[in-house]
Every structure is written in C-alpha cells, then in structure tokens.
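Q: Quick note: the sequence shown uses my numbering, first residue 19, plus one each step.
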Amino acid sequence: VQLQAFGGGLVQAGGSLRLSCAASHSILAINAMAWYRQAPGEQRELVASIRSVGREASKNYADSVKGRFTISRDITKNTVYLQMDSLKPEDTAVYYCKADWGPRSAWGQGTQVTVSS
19 VQLQAFGGGL VQAGGSLRLS CAASHSILAI NAMAWYRQAP GEQRELVASI
69 RSVGREASKN YADSVKGRFT ISRDITKNTV YLQMDSLKPE DTAVYYCKAD
119 WGPRSAWGQG TQVTVSS
C-alpha cells in the first residue's frame with residue numbers, strides 16, 4: 019500500500035483545513051488508518067484513527083483535538099480525510115497518515131500544517 023497525503027497549508031487561528039490521504043489499494047482491505055503529527059522537537063503523536071469494525075468504522079481522537087477534528091473515509095475514493103476546525107497555533111506540525119493491515123504498515127509523506135496566531 020502506498021499513501022499520499024496532501025491538503026496542508028498556512029491558516030490563521032480559528033480557521034479550518036482538510037487533509038486527505040489517498041491509498042493505492044482499497045481501504046476496506048486495510049484494518050486501520052490514522053493521522054499522526056510531529057511538531058519540531060517533539061515526538062510523533064497520534065491525532066486520530068479510523069478502524070473497520072464489520073461494515074462500520076470506529077473512530078478515536080487524541081484529547082487535544084476532540085471536538086475540533088473529524089476523521090472520515092470515502093471507500094469509493096480509497097481516501098481518508100482529517101477535517102480540522104478551530105485550529106490553534108499548537109496544531110502546527112507535519113501531519114502524516116498511516117495504514118495498518120495485519121502485521122504490516124505504511125506511512126505517507128508528511129504535509130505541513132502551520133497555524134498562525
């Protein structure tokens with residue numbers, strides 16, 4: 019599986035961005051997909067994940083983004099999205115998408131999100 023992430027950019031605090039992660043294979047065959055982020059000098063952290071549970075999807079969020087970020091997927095486009103609203107300067111980071119299937123995983127390239135105060 020290859021992943022391509024895009025949609026980052028520069029936005030003012032309070033603004034919104036939507037990140038996209040396009041997979042080269044059907045995301046129904048992927049157990050879980052997630053967005054991580056890494057700020058300068060910080061460790062990479064999990065932001066949100068979406069996991070297939072039967073035909074439904076189970077979603078989880080880091081406490082710092084709950085109520086502001088929404089992860090979703092479009093099976094027809096093999097794409098996972100991260101809608102980011104009410105952005106804060108502390109959301110500034112490089113955002114990465116990740117796919118897990120069985121014992122394997124893949125990372126997409128990062129996309130920079132910068133939130134100005």
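The C-beta atom is built at its ideal place from N, Cα and C for all residues, glycine as well.
On the DSSP bridge assignment, give the partners of E74 in chain order.
A: Note: E74 sits in a beta bridge opposite V71.
Q: DSSP on T129, reduced to helix/strand/coil?
A: Strand at T129.
Q: Mind checking whether Q56 and S134 have CB atoms under 8 angstroms apart?
A: No. Outside cutoff.
Q: Closest to A117 by CA distance: which of D103, A40 and G27 is it?
A: The shortest C-alpha separation from A117 is found at A40.
Q: Flag this pair as touching only if the segment 36-52 and the segment 102-120 have three or more C-beta atom pairs under 8 angstroms; answer yes or no.
A: They touch, by the three-pair rule.
Q: Tell me which residues share the same chain as G128 and place their Cβ nearer than 6 angstroms to its Cβ, disregarding the 5 neighbours each side in the sequence.
A: Result list for G128: V112 and Y114, in chain order.
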